[in-house]
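Mapping to this note's numbering: the sequence shown position 19 is 19, numbers consecutive. Written below as structure tokens is the structure these notes are about.
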Amino acid sequence: MEIQKFIQLLLKRKYILLAVPLFAIGIAYFLVRRLPDIYTSKAILATGLVDQTDQFVLSNSQSESQESKINQQFSNIIQIMQLKKLLDQISYQLMIHDLSAKQPYLPPSKLLLQLNDDAKKHALAVFSELYRSGKSLDLENDDQKGLFKVLSSMGYDQQSLKKKLSIYRVSSSDYINIEFESPSPEFSEVVPNAICDITIKYYADVLNKSRTGAVNFLDSIIKQKKAVMDSQVLLLKNYKIDNRVLNLDEQAKSFYGLLADFETKREITKKDIDAYTGALRSINAKFDPKERKYFENSLISINQDIVNTKDILKQVNSDYIKSNFAAVYKAKVDSVKQLLVFQINQSNDKYIDNPFIAKQNLLLEKIRLEVELDIAKNSYNVLDAELLKLNVRFDKLVPHEAVIQSYEQTIDFASKEYIEILRKYNQTALESNAQSRLKQIEKSLPGVKLASKKMLLMVMAGFVSFILTLVVLFALFYFDDSISSTKELANKTSIATLGYLPLLNTNQLQLQQLWADKSPESLRYKNLLRDIRFEIDAELKDAKVLMVTSIKAKEGKTIFTLSLAYAYSIINKKVLVLDGNFTNPELTKIAQPAHYLDDYLLGKINIDQIKSNEQITVMGMHSSDVSLLEINSEPIITDKIAALKANYDIVIIELPALEHLNKAKEWVAFGDKLVSVFQASQTITPAKQEYVNYLQSLSPKFIGWVLTKTSDKKLKRQKVTT
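As structure tokens, then:
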């Protein structure tokens, strides 16, 4: 429904929707018809940041060509191209050309034409000097400030150039496009080429200065790092000489090996001692004291030889251990052991006729185990003594180890720093000898004429103005709270509507002609009035007095009252129309009646004088600042109105507007039913809402609204209830 209403609004304002875009197109035409043609030209610059096929690059530099770094480098180059310093050089180049050449790039500006020959020569000299030196105009200087105004008037200043200049990277390629638009094909050609030339030169200078500075800086750092490293190496060398330390790591490893070997052999020897001791204890248990004493006495002489040999074996075994188990001592140990075995066997042969020969083997085993036990104990003591000596010697190495490690760590750190700086130095030195990677691979040519945008601008002006008009109309529609249909009136007041009537020309109001007219407008008005009459009849039933009011004056209640009276008259009802509006008796002015209601209520005329053969009788009202009950008392007024009801089929009374509520209220008490007209395209303000609430309080006497002065021909003829 809201969409339909908006469409109806657009149809109603269709001429505005057409006029505004046409007006905008006309304005756009006059604005763009003298626009000059535009020429564009393009140059292409290769950076060498992505495509490095023609560059000598160190192997590890490839790892630095990451996407983010490449993008940053492209951004830096594009920003360099737009530097004021560089664009100023192009501005001076353009001015030098226009001041010296016969055919300038652009038509001379008014300011340039005002310069005489001497001024032009001076300007040419200043611009040439600035171009040669790479400096910019000093705007604090009055002379150069004037030259800047001349330059700006030609459109050669930095801001003007940047507006026509487009610099961008082509996708993810290695190329940068420089495009320029201007009214001159030669002007469009020279700017991109000039930007490329100046940028390449400037970038190379900046790069060389940066690389040279970096090389010099790294060279000084290398010397510092090498001096630090050499000083630490010298300190370590002197310390080793002073403390007689040759190779501390090898010495420590040797000590660690000896300690481990001696510890292992000592543990093995200890186990052997325990084993021999247990075996001897077992053998001794097999001899009684007498046997043990016999054997010990009889073997004293032979045991003495064995003891001497055992002492020799202990000494040789001690030398063998102290020599770190040298092979030469191992042979001596084996030789002495063989002698000892021979002596033990000899002792066995001497006592072969011994009565205790049965235990002779145990005796020999005992002697052998005692020898082995003595050798093991001797070995254990020697190993323990050697371990103690090794630990003492190893402990002396620990302080040297700590100092030497400190020196070596310092040297290692210094050497790493030196190598890293040296690598950077070599890399930078190599790059400093390489040429700049920026290279112009495509020159700009005389500009190509662009398709005219005049028609596009005109179409856009029309389209934009059309859209703006739609937006404005929609805003007006959206925020419009006025009532234009019977349904809206019923919804916003919660009161039934009896119908609606379109706007009539009251200056030419002739009701008889209206009902006789067969035009579509007249027929429609009559049909709508019949619908209202039907709705009122349904509410009146046997009642005869119908009152008509409105919220404020000039809402059409007088025309409605007369039209309704005529509608009743054509169905053969005798109608009496009373003008009860004391303040503004408009009905009286239109009808020009012969009799007046206030005269009747005062008794100046009677009912017989009022009666006539006409279907419609109108009684006017003298304009005065009085109310109904101020004319006469309530009983008399009631009787007078009752007499009128008795002589007419229906009595229609036009009341004052509700904005004069005190006067309207007095009339309401004497009528049967009340109808209020409401003019279309109005809103329900808080003040009007009070009158609406009053009408709601009169139910069922108040039977509904009649919407008047509507302009929408598509409103349906229907009664709307809530």
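A virtual CB, placed ideally from N, CA and C, is assigned to each residue, including glycine. Keep in mind the model is a prediction, meaning the values are calculated, not measured.
Residues near I25 in its chain [Cβ-Cβ closer than 7 Å; skip 5 each side]: M458, A461, G462
Distance, I178 Cα to T40 Cα: 10 Å
Rounded to whole angstroms, what is the Cα-Cα separation between L137 and A123? 12 Å
Residue ranges of each beta strand (DSSP E) within the stretch 99-171, 3 or longer: 165-169
Segments of 3+ residues assigned as beta strand (DSSP E) that fall wholly inside the stretch 648-689: 650-654, 673-679
P21, buried or exposed, once every other Cβ within 10 Å from all chains shown has been counted against 16: buried
Should E189 be labelled buried (16 or more other beta-carbon atoms within 10 Å of its own) or exposed? buried
Pull up the distance between the alpha-carbon of P520 and that of L528, whole angstroms please. 12 Å
Spatial neighbours of L169 within its chain, please: C-beta separation below 6 Å, excluding the five flanking residues on both sides. One detail in the question is off: residue 169 reads as Arg in this sequence, not Leu. F74, I176, listed in sequence order.
Could you spell out the range, first to last residue, of the alpha helix (DSSP H) harbouring N606? Premise fails: N606 is in no alpha helix (DSSP H) and is neither H nor E.
Compute the Euclidean distance between the alpha carbons of W705 and E586, then round it to the nearest angstrom. 21 Å
State buried or exposed for D625, treating a residue as buried only when at least 16 other CB atoms are found within 10 Å of its CB. exposed
Can at least three beta-carbon pairs, one atom from the stretch 407-416 and one from the stretch 4-17, be found at a separation below 8 Å? no
When you compare only the Cα positions, how much space is there between D205 and I198? 11 Å
Count the other CB atoms, across all protein chains shown, that sit within 10 Å of the CB of E535; report buried if there are 16 or more and exposed otherwise. buried
Buried or exposed: which applies to N317, given that a residue is buried once 16 or more other Cβ atoms fall within 10 Å of its Cβ? buried
Considering only C-alpha positions, which residue in the set Y203, E2, I96, S633 is nearest to Q82? Y203
Grab the span of the beta strand (DSSP E) containing G213 for me, first residue to last. Run containing G213: none in the beta strand (DSSP E); it sits in the alpha helix (DSSP H), 185-242.
Please state if the CB of C196 and the CB of A43 are separated by a distance shorter than 7 Å. yes
Nearest CA to the CA of Y691: which residue from E666, A657, G671, K453? A657
Taking all protein chains shown into account, decide if L438 is buried (16 or more other Cβ within 10 angstroms of its Cβ) or exposed. buried
So, helix, strand or coil for L18, using DSSP? helix
Reduced DSSP category for S318 - H, G, I as helix; E, B as strand; rest coil: helix
Spatial neighbours of T131 within its chain, please: C-beta separation below 7 Å, excluding the five flanking residues on both sides. Position check: residue 131 holds Tyr in this sequence, whereas Thr was assumed. Closer than 7 Å at Cβ, skipping near neighbours: Q89, Y92, Q93, I96.
With a 10 Å radius around its C-beta and 16 neighbouring C-beta atoms as the bar for buried, classify S282 as buried or exposed. exposed
Tell me the DSSP secondary structure of T722 in three-state form. Legend: pLDDT at T722 = 33, less than 50; position of this residue unreliable, value from coordinates given subsequently. Reduced to three states, the DSSP call for T722 is coil.
Mapping DSSP to helix, strand and coil, what is V50? coil
Residue span of the alpha helix (DSSP H) that contains D480, given as start and end: Premise fails: D480 is in no alpha helix (DSSP H) and is neither H nor E.
In angstroms with no decimal places, state the Cα-to-Cα distance between T638 and Y694. 23 Å
Just the C-alpha distance for I610 and I684, rounded to the nearest angstrom, thanks. 40 Å
Backbone CA spacing between T264 and S220 [nearest angstrom]: 57 Å
Nearest residue (CA-CA) to P185, options V464, T708, I38, D334: I38
With a threshold of 16 other CB atoms inside 10 Å of the CB of A326, please say whether the residue is buried or exposed. exposed
Output the residue ranges of the beta strand (DSSP E) runs that lie fully inside the stretch 404-468 and measure 3 residues or longer, sorted by chain position. 439-442
Please identify the residue among G620, Q592, Q615, A591 whose C-alpha is closest to the C-alpha of I605. G620
Below 8 Å on the Cβ atoms is my contact criterion, and I expect D542 with G499 to pass it. Report the Cβ-Cβ distance as a whole number of Å. Going by Cβ atoms, the distance from D542 to G499 rounds to 22 Å, so no, they are not a contact pair.
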